[in-house]
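This report refers to the structure that appears directly beneath it.
Residue numbers (my numbering), protein chains in the order written: chain D, 459 to 754; chain V, 459 to 754; chain L, 459 to 754; chain C, 459 to 754.
Put into structure tokens, the structure is as follows:
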């Protein structure tokens with residue numbers, strides 16, 4: 459397929475690369491052009507504006523950092539939506555607000571374009587390996603047509619509704635559950651450490667009994683080591699997603715006290731200059747409060 | 459082995475039965491004698507006092523509801539510790555405070571008795587099936603000798619330290635992580651429901667991607683249905699364990715805001731007369747706050 | 459002075475009336491024209507657009523419900539800022555975001571207009587009596603010139619800085635402290651009630667000892683009665699201000715867990731259909747959680 | 459009156475001194491005898507055991523640090539309750555648990571003794587000046603007879619019920635409201651500071667408008683200065699009272715999320731070695747989290 463791929467961060471670059479390898483024709487655009495050029499040698503065409511990127515596309519994939527970036531590309535000043543062909547499909551794959559996803563659904567429909575939200579779960583290593591989990595929502599026919607792309611990018615696609623924003627709701631909720639797990643592990647590891655017991659033994663016990671899921675193994679390892687590397691998803695982006703969640707929760711009047719607690723962890727981390735850390739480093743704040751911080 | 463088994467609640471009865479089936483000689487004691495008599499036909503001797511129960515025992519297993527119950531049996535007025543043979547081993551399997559576990563360790567040592575803490579993870583159905591997870595701590599030699607008993611009762615034994623109270627610390631932390639999962643699922647399900655999306659689809663997505671652990675499947679099913687049955691672990695007992703956790707956290711100066719949040723869920727549930735519900739029904743409180751309560 | 463007064467809600471109407479009584483020449487504008495007409499008989503001119511309202515004004519006072527309303531009047535589509543004379547002063551008196559206050563400061567400066575933020579503390583009865591507390595910030599010369607207006611509207615003016623947004627920061631913080639007081643009183647009254655003791659005796663004790671401030675007497679009376687009347691400040695407006703606070707706190711990386719707790723009270727109240735209640739009715743949510751709700 | 463005064467800490471010493479000055483005959487007892495001897499030169503008799511202290515007393519006043527201290531004096535091993543005359547009155551003035559107050563009420567009644575709870579509000583300087591607020595509960599006749607003592611110690615007595623533990627409930631609730639005020643001030647001052655505004659201006663505004671109560675002025679001054687001196691009430695004692703509150707709230711099923719938040723502040727402060735600080739130093743934890751800590 460002829461694909462315009464916009465947004466080449468840690469995740470997007472890996473995803474675009476996999477699509478090229480799978481034989482798709484990609485025109486890529488990124489605000490920082492260097493990241494686009496890195497893909498040129500692998501066969502991508504590099505566009506110098508969003509409009510140029512989508513001029514020819516059957517499918518537009520956006521993997522942009524936040525709402526503002528998506529708005530700048532699709533609406534003003536980028537205005538790619540005006541150039542995108544009638545009948546083309548925009549697949550919005552990054553984590554954006556439920557509200558913006560609704561707005562995009564409406565705007566594309568007015569222009570006879572299709573819109574899918576297909577958010578992803580997984581860190582850069584999963585993106586590289588084509589092992590993401592994909593949460594797709596939108597018209598079944600379009601999802602069917604885009605399934606080959608999802609199969610390149612992910613290990614499994616969950617179709618969660620006919621209404622595109624459903625994928626955004628699910629993604630925000632899943633991210634929240636990851637942070638809930640991080641918080642739970644952080645508090646319990648602090649508890650175990652201050653009883654002079656070994657966190658690694660604790661973690662082995664957890665992941666060998668009721669808590670066998672990858673999320674406990676991956677984040678648990680970083681938390682037990684109090685080392686949050688590699689930086690797969692930056693803390694300010696985790697904070698952004700948490701705010702999108704809380705905003706979407708306010709919209710439908712759902713109090714989420716645990717999400718608020720996590721919110722405060724993010725804010726505290728940012729107040730301590732941790733904006734380059736992985737988002738799981740909010741666990742370090744729990745350690746700090748318990749008087750366990752190393753080297754501070 | 460000659461085993462005194464004291465404490466025949468939902469969990470204890472199933473565990474005692476499995477030990478009898480495995481060929482061990484059991485003398486059982488329970489405050490409410492009816493539950494003891496139910497085991498008589500299966501081959502248990504029924505003692506009428508704690509002292510009588512332990513008179514002959516090589517191993518004493520306690521599976522009592524709370525600290526007070528353990529103290530009444532071992533110390534005054536039951537005073538079983540005075541009768542227990544030198545060289546016998548007390549295996550404390552229910553969830554008790556870290557402080558009481560320390561006190562027991564000391565008291566048994568003084569009398570030349572052995573003490574293990576071997577707490578269990580799992581609900582009554584797992585106890586019945588001999589599929590509990592066992593968290594054992596104490597002297598390696600005693601653990602080795604008691605391993606055949608653990609193999610009858612559980613699917614896997616985690617040996618977590620030489621110091622018995624370690625097993626109590628781990629058990630309280632694991633219970634906390636279950637409640638953290640319940641809270642996370644409750645808030646995210648409320649969020650999904652109020653966006654008019656299907657919680658069951660959400661749950662399938664979770665347990666098919668990053669959240670594959672049993673704890674998400676078991677509790678997730680109850681939460682998605684807003685039906686907290688069967689009642690495997692009563693809400694006031696969950697509240698009790700949460701208080702033991704917070705008390706043990708205070709003792710070593712670890713703030714646990716998520717545990718406090720769960721504490722308030724329990725208190726709110728009790729204020730609404732839910733003392734016969736399963737502990738996972740704290741999720742219902744989250745639904746109530748979001749205006750989602752059915753039939754209220 | 460020739461004053462354009464825009465925004466005639468519960469507070470604004472009383473304030474405009476007092477300015478008329480004091481001899482000022484008012485042109486008023488309100489989206490719902492009926493509220494403007496009510497002031498016509500008292501001597502106000504009624505404008506049919508924001509632009510018309512400010513055409514002649516030396517001073518523009520805005521007392522509008524939220525950021526959006528202010529933007530619509532000053533910027534598009536109302537565009538009053540284009541018509542306001544060079545040298546005229548805009549006094550923004552309602553609770554708006556710190557961010558919008560900064561934007562207004564810049565926009566007015568560019569056009570050679572003056573801008574003051576002069577937020578108010580007090581409910582409609584205080585507005586009626588000219589007994590508001592006024593928190594003013596901006597250039598000292600302009601504050602000096604507008605002081606006669608403040609003296610009509612309030613019992614006391616606090617000048618809190620040369621930079622207009624300071625008044626917005628202070629106002630949001632003061633509102634937060636009111637909600638903190640409400641929450642504190644709500645929890646402690648629930649505690650007292652469930653110990654079968656008399657909340658009114660409790661309140662007399664508080665306000666007769668360390669807690670002599672009006673805020674304890676006014677809100678305490680409503681909380682002790684579990685009756686939140688009269689409705690001086692609607693719950694959704696209180697929620698809005700709480701969100702402005704949290705947003706301004708995020709901007710400077712200050713975690714405010716108590717503000718988050720209050721946030722959840724507002725969300726819960728809205729989930730239970732309390733959007734017409736006074737904002738102090740968040741105390742009722744605390745009573746509900748404690749199982750104390752009347753008529754539930 | 460012949461008074462036995464037991465418990466000569468920062469508060470108790472000042473109170474005993476005032477009773478001596480007012481002409482009462484005091485026999486004092488303190489575990490650390492040096493503090494008792496300090497009062498000898500002012501006219502007190504020094505007892506070497508609790509029993510000796512109460513042998514002759516018409517009134518026993520206890521001002522002891524915690525439940526354990528009261529139990530050790532009244533019950534085992536001190537056993538003063540056995541020696542106290544029939545018809546004598548025990549006035550329990552320190553902050554103890556509601557549960558222990560009930561137990562004391564019963565125990566004294568059985569022995570034909572009287573029991574009042576008369577808790578106090580105020581710091582050591584207020585105790586020294588005889589300006590405490592006294593919260594008294596118990597039989598009206600006994601309160602009437604002890605009123606002259608209260609008049610020596612305090613500026614005002616609030617009689618809050620016939621049932622002694624009512625005074626303990628009120629005291630715990632009042633202490634909670636002080637911590638709620640501290641938390642509110644801490645968060646709002648952090649908010650103001652990080653907006654580069656002056657906390658002292660903020661405080662003047664607060665205490666000049668709606669927040670005129672002493673509690674805002676006293677604690678506000680320390681918080682704005684981020685200096686928590688003099689140490690009037692030690693942080694671990696504040697923590698103890700917070701735990702008594704939460705325990706008494708659990709007993710009647712009242713969730714108190716704000717009290718939990720304060721609990722975590724105390725725990726965090728203790729984890730950072732602040733056990734010699736004034737309890738208001740929990741505000742410093744809020745500053746730390748906002749990245750505002752000086753010198754750490």
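In this text, a Cβ means the ideal position worked out from N, Cα and C, and glycines have one as well.
Taking the beta carbon of residue i as the centre, do at least 16 other beta carbons fall within 10 Å, making it buried, or is it exposed?
i	result
residue 599 (chain V)	exposed
residue 488 (chain V)	buried
residue 580 (chain V)	buried
residue 698 (chain C)	buried
residue 475 (chain L)	buried
residue 726 (chain L)	buried
residue 421 (chain D)	Past the boundaries of the shown model lies residue 421 (chain D); chain D is included only from 459 to 754, so the question cannot be answered.
residue 492 (chain V)	exposed
residue 462 (chain D)	buried
With 8 Å as the threshold, decide whether the Cβ of residue i is near any Cβ in chain C.
i	result
residue 716 (chain V)	no
residue 554 (chain L)	no
With a threshold of 8 Å between beta carbons, is residue i in contact with chain L?
i	result
residue 596 (chain C)	no
residue 735 (chain V)	no
residue 726 (chain D)	yes
residue 535 (chain D)	no
residue 684 (chain D)	no
Counting only beta-carbon atoms, is residue i nearer than 8 Å to chain V?
i	result
residue 572 (chain C)	no
residue 525 (chain C)	no
residue 648 (chain D)	yes
residue 747 (chain L)	yes
residue 628 (chain D)	yes
residue 729 (chain L)	yes
Going by the CB atoms, is the gap between residue j and residue i shorter than 8 Å?
i	j	result
residue 519 (chain C)	residue 549 (chain C)	yes
residue 643 (chain C)	residue 696 (chain C)	no
residue 702 (chain L)	residue 553 (chain L)	yes
residue 514 (chain C)	residue 547 (chain C)	no
residue 631 (chain V)	residue 650 (chain D)	yes
residue 757 (chain C)	residue 722 (chain V)	No answer is possible for residue 757 (chain C): the residues shown for chain C start at 459 and end at 754.
residue 541 (chain D)	residue 509 (chain D)	yes
residue 563 (chain V)	residue 623 (chain V)	yes
By Cβ distance below 7 Å, which residues in the same chain neighbour residue i in space, the five residues on each side in sequence not counted?
i	result
residue 682 (chain C)	647, 657, 658 and 661
residue 584 (chain D)	590
Starting from residue i and walking both ways along the alpha helix (DSSP H), at which residues does that stretch end?
i	result
residue 648 (chain V)	623-652
residue 410 (chain C)	Here chain C has residues from 459 to 754 only, and residue 410 (chain C) is not among them.
residue 720 (chain V)	715-729
residue 509 (chain D)	508-512
residue 608 (chain C)	598-611
residue 751 (chain L)	Looking at the DSSP string, residue 751 (chain L) is not in any alpha helix (DSSP H), and its letter there is neither H nor E.
Please decide whether residue i counts as near chain D, where near means a Cβ-Cβ distance under 8 Å.
i	result
residue 640 (chain V)	no
residue 744 (chain C)	no
residue 699 (chain L)	no
residue 712 (chain L)	yes
Could you give the residue range of the beta strand (DSSP E) that holds residue i?
i	result
residue 471 (chain L)	Not the beta strand (DSSP E): residue 471 (chain L) falls in the alpha helix (DSSP H), residues 468-479.
Against residue i, what residues of chain B qualify as contacts under a CB-to-CB distance less than 9 Å, listed in chain order?
i	result
residue 645 (chain V)	No chain B is part of this structure, whose protein chains are labelled D, V, L and C.
Using a Cβ-Cβ cutoff of less than 6 Å, which residues in the same chain neighbour residue i once the five nearest sequence positions on both sides are dropped?
i	result
residue 719 (chain C)	none
Looking only at its own chain, which residues have a Cβ that is under 8 Å from the Cβ of residue i, when we skip the five neighbours before and after it?
i	result
residue 641 (chain C)	716, 719, 720, 723, 740, 741 and 744
residue 536 (chain V)	507, 508, 509 and 530
residue 690 (chain C)	468, 581, 582, 583 and 736
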